[in-house]
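Residue numbers (our numbering), protein chains in the order written: chain A, 29 to 261; chain B, 778 to 1028.
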C-alpha cells in the first residue's frame, strides 16, 4: 500500500502542541548550554594563548579531552555513568537528564569554542603586539584594547557556526530521554505512523532556528565590521 | 651645532635565534638630536636591532643603555613599559589598530598609559594629525586610508607619547612611490626639528638630506658607521660598495 500523506496531523492536537513544546525545549537546551560553552570556551581559549606554559597545558588538556570523545558517549557518561556514583540524592533528581544534556553539551562545545578563540587571537598579526607595546601599553592593556577586540572580530564567523551546531547537537539529548524537537517528531511517528510529516515538521523547526541565528549574527558582524579586516562575501 | 650627549648606547650586543646569530657584537652610540640611518641587505638584523633597543625582543649578550637605563636590567620588569613610552616606533606595515579610527589610534596610549583625560588627549591627537596633514581624516578607520596616509597616522601615534626618540622600521618599503614622498616629508621635518631618530631605510635620498650618520649592517654585524658623505663617496668595505651600487642603480 502506498504511503498516505496526512499533513493535517502536524496542526492537529495534541501533536501541534507537542511540536511547539519540543521546539521550545530545543531552543532552551541550545541557549543554556551556549551560556556554559561561550564563557568557558573563551576562558580556556585565552588560557591557551597566554605565555605561561602551565596555563597553556591546562587549556590543551581540556580541549583535547573533550573534543576527541564522541558527544553521544559524553552524554551517556554524564547521564548513566556518573550519577550512580554520586548517591541516590543525585541519581534520583527530577529532570536529571535535562541537567546532564545542558552540562554535557556545554562543556563539549566549550572545547570547540576554545579552539576558535585561540586561533582568533593567533591570527592577530605579531606587529599589532609590537605596536601596542612600543607605545608603552602593558601586556594586559595590549590584550584588553588591541588583541581582544581585533581577535573577537575574526572569531565571529566560526563562533556563529558553533552556535548553530549547538542547536543541531541538542538533538542527541533525545538519546537520554529528552523530548526536544527530534524526540517529539520520533514520538509522533510512533503514535501516528506519519514519520514523514513529523520529521518534516522537525526539519522546519531547525531551519527556523538556524536561519534566525544566521540573521542575528550577520547583524552583529555588520555592526562590528572593520574596513579592510575580514570581508565576507 | 649638536651637542654630543649620548641617548642610546649599544654595547657589544649579541642575539641568537636558536643556533642562528642575528646580531653579532653590535656597538654604537646615538646622540640626542641625531638622525641615524641604518641600512643593509635584508636579513642583516636591522629590525631586530630596533626591537632590542625598546625591549620588544630579548638578547643574550651585551646591553643597551637608553638615557642611562640598562634594558637588560629592566626588560622583565614593569619599568620597561615606562621606557618604551619614551621611544616611539613606526612600522613597515603601519600596524595601526584596524578597529579604531585614526584619532583613536593616536590617543590610545596617552589615555591609557599617561591617563590623560579624553578631551585633552583628543585635542593633542588632532594637533598631531594636523602636523602630518591628516586632520580631515581623523575619524576614518585605517582600512579607509591609503598606505601613505596610514603611515602618517603611524608617525602621529609614535609622536603622541612625546617620545625622546623615534625608531622607523622601513617606513616606506610597503608604499607606492608617490606616497613615499608624503611620508618622507614628515620625517624630514621631524629630523630638522631636532628629534632623535633611528631610521632603518633604503631611501638614500632621505639619508643624504638629513642623516648625521649611516650605519651599514650585514649578517648581524656593523660593517661601517660613517657620516653620510664619507659613506657614499668612500665606502671602506667592498660589501658596502656593492650595496650602494645596487640600491642606487636598480637595473
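Cβ atoms here follow ideal geometry from the backbone N, Cα and C, with glycine treated the same way. Here the structure is a predicted model, which is why all the values come from computation and not from measurement.
Any C-beta of chain B under 8 angstroms from that of residue i
i                     : result
residue 102 (chain A) : no
residue 168 (chain A) : no
residue 174 (chain A) : yes
residue 187 (chain A) : no
residue 181 (chain A) : yes
residue 136 (chain A) : no
residue 254 (chain A) : yes
residue 162 (chain A) : yes
residue 261 (chain A) : In this prediction, residue 261 (chain A) has a pLDDT of 34, which is less than 50 and means its spatial position is unreliable; what the coordinates show is noted afterwards. Output row for residue 261 (chain A): interface = no.
residue 159 (chain A) : yes
residue 79 (chain A)  : no
Residue nearest to residue i in terms of C-alpha spacing, selected from the options
i                      : options                       : result
residue 181 (chain A)  : A:144, A:206 and A:79         : A:144
residue 943 (chain B)  : B:836, B:956, B:973 and B:795 : B:973
residue 1009 (chain B) : B:807, B:988 and B:995        : B:988
residue 966 (chain B)  : B:919, B:983 and B:1012       : B:983
residue 150 (chain A)  : A:32, A:120, A:239 and A:79   : A:79
residue 1024 (chain B) : B:801, B:804, B:819 and B:786 : B:819
residue 233 (chain A)  : A:40, A:34 and A:44           : A:44
residue 95 (chain A)   : A:135, A:122, A:63 and A:218  : A:135
residue 927 (chain B)  : B:824, B:867 and B:968        : B:867
residue 69 (chain A)   : A:53, A:88 and A:229          : A:88
residue 738 (chain B)  : B:793, B:781, B:847 and B:849 : Because chain B is modelled from 778 through 1028, residue 738 (chain B) falls outside the range shown and cannot be assessed.
7 angstroms Cβ shell around residue i - same chain, five flanking residues per side excluded
i                      : result
residue 893 (chain B)  : 887
residue 1021 (chain B) : 1009 and 1012
residue 158 (chain A)  : none
residue 895 (chain B)  : 888
residue 214 (chain A)  : 202
Pair within 8 angstroms by beta-carbon distance, residue i and residue j
i                     : j                     : result
residue 148 (chain A) : residue 872 (chain B) : no
residue 921 (chain B) : residue 255 (chain A) : yes
residue 107 (chain A) : residue 204 (chain A) : yes
residue 50 (chain A)  : residue 236 (chain A) : no
residue 152 (chain A) : residue 178 (chain A) : yes
residue 906 (chain B) : residue 915 (chain B) : yes
residue 784 (chain B) : residue 815 (chain B) : no
residue 813 (chain B) : residue 975 (chain B) : yes
residue 65 (chain A)  : residue 194 (chain A) : yes
residue 810 (chain B) : residue 971 (chain B) : yes
Own chain residues within Cβ distance below 6 angstroms of residue i, not counting five before or after
i                     : result
residue 902 (chain B) : 880, 883 and 884
residue 863 (chain B) : 940 and 941
residue 959 (chain B) : 925
residue 838 (chain B) : 791
residue 220 (chain A) : 37
residue 789 (chain B) : 802, 804 and 839
residue 844 (chain B) : 784
residue 199 (chain A) : 210
residue 249 (chain A) : 184
Length of the line joining the Cα atoms of residue i and residue j
i                      : j                      : result
residue 859 (chain B)  : residue 76 (chain A)   : 28 angstroms
residue 735 (chain B)  : residue 941 (chain B)  : Nothing can be reported for residue 735 (chain B), as the shown portion of chain B is limited to 778 through 1028.
residue 31 (chain A)   : residue 206 (chain A)  : 29 angstroms
residue 196 (chain A)  : residue 60 (chain A)   : 14 angstroms
residue 227 (chain A)  : residue 931 (chain B)  : 58 angstroms
residue 1006 (chain B) : residue 923 (chain B)  : 34 angstroms
residue 938 (chain B)  : residue 842 (chain B)  : 20 angstroms
residue 131 (chain A)  : residue 918 (chain B)  : 42 angstroms
residue 103 (chain A)  : residue 83 (chain A)   : 27 angstroms
residue 1030 (chain B) : residue 912 (chain B)  : Since the first residue of chain B shown is 778 and the last is 1028, residue 1030 (chain B) is not available in this structure.
residue 202 (chain A)  : residue 121 (chain A)  : 18 angstroms
residue 875 (chain B)  : residue 929 (chain B)  : 15 angstroms
residue 947 (chain B)  : residue 97 (chain A)   : 49 angstroms
residue 170 (chain A)  : residue 186 (chain A)  : 24 angstroms
residue 166 (chain A)  : residue 963 (chain B)  : 29 angstroms
residue 1014 (chain B) : residue 1001 (chain B) : 8 angstroms
Below-8 angstroms beta-carbon distance, residue i vs any chain A residue
i                      : result
residue 794 (chain B)  : no
residue 924 (chain B)  : no
residue 778 (chain B)  : In this prediction, residue 778 (chain B) has a pLDDT of 46, which is less than 50 and means its spatial position is unreliable; nothing more can be read from the coordinates.
residue 913 (chain B)  : no
residue 892 (chain B)  : no
residue 849 (chain B)  : no
residue 959 (chain B)  : no
residue 933 (chain B)  : no
residue 936 (chain B)  : no
residue 906 (chain B)  : no
residue 889 (chain B)  : yes
residue 1029 (chain B) : Only positions 778 to 1028 of chain B appear in this structure, which leaves residue 1029 (chain B) out of reach.
residue 898 (chain B)  : no
residue 831 (chain B)  : yes
residue 862 (chain B)  : yes
residue 1025 (chain B) : no
residue 921 (chain B)  : yes
Beta-carbon neighbours of residue i, restricted to chain E and to distances below 7 angstroms
i                     : result
residue 155 (chain A) : The displayed structure is made up of protein chains A and B, and chain E is not among them.
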